[in-house]
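Okay, so here's the structure we're looking at.
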Amino acid sequence: ANGVIIGTTNRDASDVEKRSIEYNGYVAVGEVANHIDMLSADQWRAYARENNLASAVDYGGDTNWQKELERTAISHFHNLFLSNVNANSGYRASITYQDSEGVMKRSSMNRLAGSVSTHQYALDKRLKAEVGVNGSFDNWHPIDLRILERAANLNPTVPVRDRFGEYTSIGGTNTENPVELLNNRTFDDSRHRFLGYGKIEFEILKGLKAVGNGSYEYNSYQRRFYVPTYAVMEGKAERGRGERSLGDYTTMQLETYLNYETQFVGVHKLNVMAGYSYLNNTYEGFGATRRGFDTDMFLYNNLAAGSDYRAGDVYSYKGEANLISFFGRANYNLMGKYMFTGTLRRDGSSRFGVNNKWGLFPSASLAWRVSDETFMAPTSSWLSNLKFRLGFGVTGNQDGIGEYKSLAILGADGASYYDSTTNTWKKSYAPVQNTNPDLKWESTSQYNIGLDFGVFRKITGTLELYYKKTTDLLWTYPVPQPPYLVGTMLANVGDLSNKGMELTLSADLITTKDFTWDTDVTFSYNKQNIDKLSNEVFQESGLKSGSLHGLRGMSGLFSQVVKEGYPAGAFYGPKCAGIDANGNYLIERDSNGNPVNEYLGSAQPKFNVGFSMNFTYKGFDLNVATYGMFGQKV
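If you want it as structure tokens, here you go:
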């Protein structure tokens, strides 16, 4: 069910004041649409007989493990929205409640959220101000991620419960009863979020504006987990286990800038902007685990009642990062035909080494609307738009870099010394991270040339050719001891290049009063290459990735490698020398008997193609879309 109730009153048309109250809500029912196609108990027995599987054990049951875990899920959503807006001021407020069951039993989520914002104009709208706050309280109950894997692995002849009414347990690796995992584990997670923001804008002179933005965001989460003492596997072995963890995250942001816009001699347009921004992120949290409970009554609420404490069961952390930016931009437009844009950013991050905290990132672009030139007048009947574009830009990246990766760090884990005066081993601190004062921004330089066109006022498109070069890629490299105190170091060494093209086409095939039909086509090609991984200090011949851990017999093996001369995520493995008389693959080996490895392809597609059609007829619409990737290996 879905319903909307709207009430609106106008105090007076001349005041342009509008008040509204809106309600929106629904109730939804969900079920699993498609199941993994698995053998039934009878099919499993027949397969075991036909293939003479001596190790196959028939436990006498008939269990569809997937359906044992599922349910019909009911969810509902309610939103109430209020607003009052006139020519110079207004407010908006909303409150939302959502309660959603998951299609897996015992999984659910509920949310209570609200928001309020208001704005005010003054001095003939030369002064504009806006403030707002919103918050949410989320609670959800996830499930053990092992459950679905076990449901797919477990023998369908195993009953959910044995003849004594206990959950069936057959022992072995990865064979836990998924229904027992579902019912005998308690997960209670929650998150509280608050965001406050404000914006003020003042027109100092005609065309000159000063703008300031600020925001504060606070996020707090808690995770609570308990395994009872009677739970199969770890519950009985550990006499119960309780865990609690929490974390707080805050983000403070400030941005101020001046913007000047003018037009002169009728054909020149200029827009100039300069500003400053500050971003602060802080986080902290702790967690604790205890085992050995005499009662399950307290769940995770009294960890001190557990008698089994182990090293690493208690931890805490705190961190902070700051980013300061100075930026400027200039846009120039001549007669709507010749356009130039230039930007310059200087960013400083606390995450980098003392020698390289700041990065300079410029960009520039030129555009020429050829179709507006007088010599193109003969084409105006069929060519509606033709524009050439040239661009160059440099961007910096600090994502994925820890807050203190450039500093020397001491840690207590695993470090101890013997105190002969007390005849005891005591904790000590030892280096766990090398200092790197030269740690700096990853930077990407991009060059592009583009063409925008429109023909017959029906077909539009863009063609883009680009080349991107990323330098100073970060990776953790092995280093010698000495002179380094720790055997690894994060350093800027790698280079990566991408080159390719992108094409988009759009066509309005039919447009009438009641019916429209338009279509879109996209095509892209990209070639990637790792140009450098090593230098004279930091050496790496190939970084293994794509761990096969979890696959039977594959522990410690990898399917991919990061290697110079190949794209990222390259498949790299034994070279096939042919097939023997029994149909077995032969592996080529070197003089020492070791397998000869070769490049087997990339997980990244070379080509991406998309096609969509959109139809509308009066109040109805239909969209048909398809998307494909080609040239990759899986």
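Note that the sequence shown covers residues 1 to 634 in full-length UniProt numbering. Glycine included, C-beta positions come from ideal geometry on N, C-alpha and C.
Report task. Using beta-carbon positions only, say whether Asn-183 and Val-232 come within less than 8 Å of one another. Result -> no
Query raised in the report: Hey, Lys-199 and Glu-130: beta-carbon distance below 8 Å or not?
Result: yes
Query raised in the report: Quick one, are the C-beta atoms of Ser-497 and Asp-472 less than 8 Å apart?
Result: no
Requested in this report: Would you identify the three-state DSSP class for Tyr-47, choosing helix, strand or coil?
Outcome: helix
Query raised in the report: Should Ser-381 be labelled buried (16 or more other beta-carbon atoms within 10 Å of its own) or exposed?
Result: exposed
Query raised in the report: Going along the chain, which unbroken runs of the alpha helix (DSSP H) with 4 or more residues stay wholly within the stretch 259 to 290?
Result: none
Query - Beta-carbon separation (whole angstroms), Asn-448 vs Gly-391, contact threshold 8 Å - result: 5 Å
**Report entry** Contacting residues, own chain, Cβ-Cβ under 6 Å from residue 679 (five flanking each side not counted)
**Finding:** The structure shown does not extend to residue 679, since the chain is modelled only from 1 through 634, so no value can be given for it.
Requested in this report: Please classify Met-554: is it buried, with 16 or more other beta-carbons within 10 angstroms of its beta-carbon, or exposed?
Outcome: For Met-554, the pLDDT reaches just 47, beneath the cut-off of 50, and the residue's location in the model is therefore unreliable, leaving the point undetermined.
Query - Cβ-Cβ distance between Lys-585 and Cys-576 below 8 Å - result: The sequence shown places Tyr at residue 585, not Lys. For Tyr-585 and Cys-576, yes; Cβs fall inside 8 Å.
Query raised in the report: Could you give the C-beta distance for Ile-143 and Ser-107, rounded to a whole number, given that I count them as a contact under 8 Å?
Result: 5 Å
**Report entry** Per DSSP, the bridge partner or partners of Met-339
**Finding:** Asn-333, Ala-367
Query raised in the report: Is DSSP giving Asn-623 helix, strand or coil here?
Result: strand
Query raised in the report: By how many angstroms is the C-alpha of Val-521 removed from the C-alpha of Lys-532?
Result: 36 Å
Query - Residues near Asp-419 by beta carbon distance below 6 Å, same chain, minus five either side - result: Lys-426
Query raised in the report: If you draw a straight line from the alpha carbon of Glu-540 to that of Asp-99, how long is it in whole angstroms?
Result: 51 Å
**Report entry** Gly-494 versus Lys-606: straight-line alpha-carbon distance, rounded
**Finding:** 22 Å
Requested in this report: Run through the stretch 558 to 626 for me and flag every whole beta strand (DSSP E) of 3 or more residues, listed as ranges in chain order.
Outcome: 558 to 562, 570 to 574, 576 to 579, 585 to 587, 597 to 602, 607 to 617
Requested in this report: Within its chain, find whatever has a CB closer than 6 Å to the CB of Thr-626; leave out the 5 residues flanking it on each side and keep chain order.
Outcome: Phe-611
Report task. Figure out for me which residue from Arg-291, Lys-125, Gly-235, Ser-416 has the closest Cα to the Cα of Leu-205. Result -> Lys-125
Requested in this report: Please report how far the alpha carbon of Phe-620 lies from the alpha carbon of Tyr-59, in whole angstroms.
Outcome: 55 Å
Report task. Could you tell me which residues DSSP pairs with Met-109 in its beta bridges? Result -> Ser-100, Trp-140
Requested in this report: Please name the residue or residues paired with Ile-409 in a DSSP beta bridge.
Outcome: Gln-433
Query - Which of helix, strand or coil DSSP assigns to Val-116 - result: strand
Query raised in the report: Looking only at C-alpha atoms, which of Gln-253, Thr-488, Leu-509, Trp-65 sits nearest to Ile-147?
Result: Trp-65
Requested in this report: Name the two residues that bound the continuous beta strand (DSSP E) containing Leu-383.
Outcome: 383 to 397
**Report entry** Where Ala-377 falls: helix, strand or coil (DSSP)
**Finding:** helix
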